[in-house]
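Novice: Would you mind keeping the following structure in view while I ask a few things?
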Amino acid sequence: MAGAAQAEPVKVGMITTLSGGGAGLGIDARDGFMLAVKQANNPDLTVVIEDDQQKPDIAVQLADKMIQSEKVDVLTGIIWSNLAMAVVPSAVAQDKFYLSVNAAPSQLAGKGCNPNYFSVSYQNDNLHEAAGGYATSAGYEKTFVMAPNYPAGKDSIAGFKRFYLGDVSGEVYTKLGQTDYAAEIAQIRASGADSVFFFLPGGMGIAFMKQYAQSGVDIPLIGPAFSLDQGILGAIGDAAIGIKNTANWSKDIDNDTNKAFVETFQAEYGRLPSIYASYGFDTANLLLSAMAKADVNDKDAFRDALRAADFNSVRGKFIFGPNQHPIQDIYVREVVKEGDVLTNKIIGTALIDHADAYASECAM
56 MAGAAQAEPV KVGMITTLSG GGAGLGIDAR DGFMLAVKQA NNPDLTVVIE
106 DDQQKPDIAV QLADKMIQSE KVDVLTGIIW SNLAMAVVPS AVAQDKFYLS
156 VNAAPSQLAG KGCNPNYFSV SYQNDNLHEA AGGYATSAGY EKTFVMAPNY
206 PAGKDSIAGF KRFYLGDVSG EVYTKLGQTD YAAEIAQIRA SGADSVFFFL
256 PGGMGIAFMK QYAQSGVDIP LIGPAFSLDQ GILGAIGDAA IGIKNTANWS
306 KDIDNDTNKA FVETFQAEYG RLPSIYASYG FDTANLLLSA MAKADVNDKD
356 AFRDALRAAD FNSVRGKFIF GPNQHPIQDI YVREVVKEGD VLTNKIIGTA
406 LIDHADAYAS ECAM
């Protein structure tokens, strides 16, 4: 600790989505991150926050400003994989650390891995792989699959199909940010499917779920947590009750860190945390754990301190694989109503100590 006491301050640049249809996701990630920062009360940590407006060109401009003018040591915050692909390769090439609170495209997990890039959340395919495994175990034989046409959408369907043993009765890529799903719901109705897997985060998921409920199509839905997470459920309403989704975090994971996180987040912000908030909280605590061990200017030592992941995660055990993506358990949750509040409850474990499919392609 003597070395840590003499360490240089760490400046973090958080680029995230704070306006537009995806704002809820970025706000939750920011709030989870800043809750951990507040709790640590570490005077050596400074955070600069900017809104990327869910636009890759804005994200690139902000990253350049933070690196060149703000002189940040660490970047974080990006929610959307197309923005991550626009920002991360350049940032790590300039010897900045990037800690992902969410987006984790396959390109950065395999051949495009980098010693300065850490995904604290997952690899994009992971929760969808668990959904594919669940659909198989539930006995579904003909699943219709749907996701937005951007890197995470392609990863999601690839992940689902990797673990799904049935037939795909239809495969549709929607426009990113789409709000009208009449055509897709008509395709689902005509497909002969016995189930639907959909990955539609943020406002996309809200729009689809409302229209699907009104359509009268009575085919069971399966999704990753992003389609049915805490920030979305209130807007969807009771139509979400009973739908199964897969997640590596839930508010009912039984450990002291998670219980305290849920309680303090609710006290601080007046709402239950989402999965994005949990990732933000873990990312900040990972960073703080590295700051306690090493000087950020000693890149090798700081990198080793990050790899050690010596912090208490809301998920319980937390370890990085060889490509610096988590190896972790993934659960099946069901949407339930607790009093007047819609939320998720764990009903099983889909995958245990699960690593991503691209680690073997990483040359680190």
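Here the sequence shown is numbered in this note's numbering, starting from 56 and rising by one per residue. Just so it is clear, CB atoms sit at the ideal spot from N, CA and C, and this is done for glycine as well.
Rounded to whole angstroms, how far is the Cβ of Phe357 from the Cβ of Phe173, which I believe are closer than 8 Å?
Specialist: In the sequence shown, counting from the first residue as 1, residue 357 sits at position 302. In the sequence shown, counting from the first residue as 1, residue 173 sits at position 118. The pair is not a contact, with the Cβ atoms about 11 Å apart (cut-off 8 Å).
Novice: Can you find the residues in the same chain that come closer than 7 Å, C-beta to C-beta, to Tyr189, ignoring five residues on each side of it along the sequence?
Specialist: Locating residue 189 in the sequence shown gives position 134, counting from the first residue. Hits under 7 Å: Ile277, Lys299, Thr301, Val387 and Ala405.
Novice: Between the Cα of Gly187 and those of Leu80, Arg217 and Lys400, spot the shortest distance and give me the residue it belongs to.
Specialist: Reading the sequence shown from its first residue, position 132 is the one you call residue 187. Measuring from the Cα of Gly187, the nearest candidate turns out to be Arg217.
Novice: According to DSSP, simplified to helix, strand and coil, what is Thr301?
Specialist: Mapped onto the sequence shown, residue 301 falls at position 246. Note: Thr301 maps to strand in three-state DSSP.
Novice: Per DSSP, Tyr331 forms a beta bridge with which residues?
Specialist: Locating residue 331 in the sequence shown gives position 276, counting from the first residue. In the DSSP output, where bridge partners are listed per residue, Tyr331 has none listed.
Novice: Tell me the residue span of the alpha helix (DSSP H) that contains Leu138.
Specialist: Numbered from 1 along the sequence shown, position 83 holds the residue referred to as residue 138. Residues Ser136 to Ala148.
Novice: Nearest by alpha-carbon distance to Met346: which of Phe336, Gly335 and Asp359 is it?
Specialist: In the sequence shown, residue 346 corresponds to position 291, counting from 1. Closest by alpha carbon: Asp359.
Novice: Pick helix, strand or coil for Val317, following the three-state DSSP scheme.
Specialist: As a position in the sequence shown, residue 317 is number 262, starting the count at 1. The answer is helix: DSSP assigns Val317 an H, G or I state.
Novice: Could you check which residue in Asp273, Val223 and Gly260 has the C-alpha nearest to that of Arg244?
Specialist: Taking the first residue of the sequence shown as position 1, residue 244 is located at position 189. Here the closest residue by C-alpha is Asp273.
Novice: Note down, in chain order, each residue of its chain lying with its Cβ closer than 7 Å to the Cβ of Met140, except the 5 sequence neighbours on either side.
Specialist: What you label residue 140 is simply residue 85 of the sequence shown in a count that begins at 1. So the list reads Pro160, Gln162 and Pro206, once near-sequence residues are dropped.
Novice: According to DSSP, Tyr10 sits in a beta bridge with which residue or residues?
Specialist: What is shown of the chain runs 56 to 419, which leaves residue 10 out entirely.
Novice: Pick out whichever of Leu397, Gly394 and Arg362 has its Cα sitting closest to the Cα of Gln379.
Specialist: Position 324 of the sequence shown, counting from 1, holds the residue named residue 379. Nearest of Leu397, Gly394 and Arg362 to Gln379, Cα basis: Arg362.
Novice: Does Leu276 come out as helix, strand or coil in the three-state DSSP assignment?
Specialist: For the purposes of this step, residue 276 is taken as the residue at position 221 of the sequence shown. Strand at Leu276.
Novice: Using the DSSP secondary-structure output, state which residues sit across from Gly371 in a beta bridge.
Specialist: Residue mapping note: residue 371 aligns to position 316 of the sequence shown, counting from 1. According to DSSP, Gly371 bridges with Ser368.
Novice: Taking 9 Å as the cut-off, decide whether the C-beta atoms of Phe281 and Gly257 are in contact.
Specialist: Here the question's residue 281 lines up with position 226 in the sequence shown. Here the question's residue 257 lines up with position 202 in the sequence shown. In this structure, Gly257 lies closer than 9 Å to Phe281 by Cβ.
Novice: Check Asp128 in the structure and name its three-state DSSP category.
Specialist: The residue labelled residue 128 in the question sits at position 73 within the sequence shown. DSSP places Asp128 in coil when its eight states are reduced to three.
Novice: Measure the Cβ-Cβ separation of Lys354 and Asp150 and say whether it is below 9 Å.
Specialist: The residue you call residue 354 lines up with position 299 of the sequence shown. The residue you call residue 150 lines up with position 95 of the sequence shown. Cβ distance < 9 Å, so Lys354 and Asp150 count as in contact.
Novice: For Tyr334 versus Asn157, is the C-beta distance shorter than 9 Å?
Specialist: The residue you call residue 334 lines up with position 279 of the sequence shown. The residue you call residue 157 lines up with position 102 of the sequence shown. Yes; because the gap between Cβ atoms is below 9 Å, this pair is in contact.
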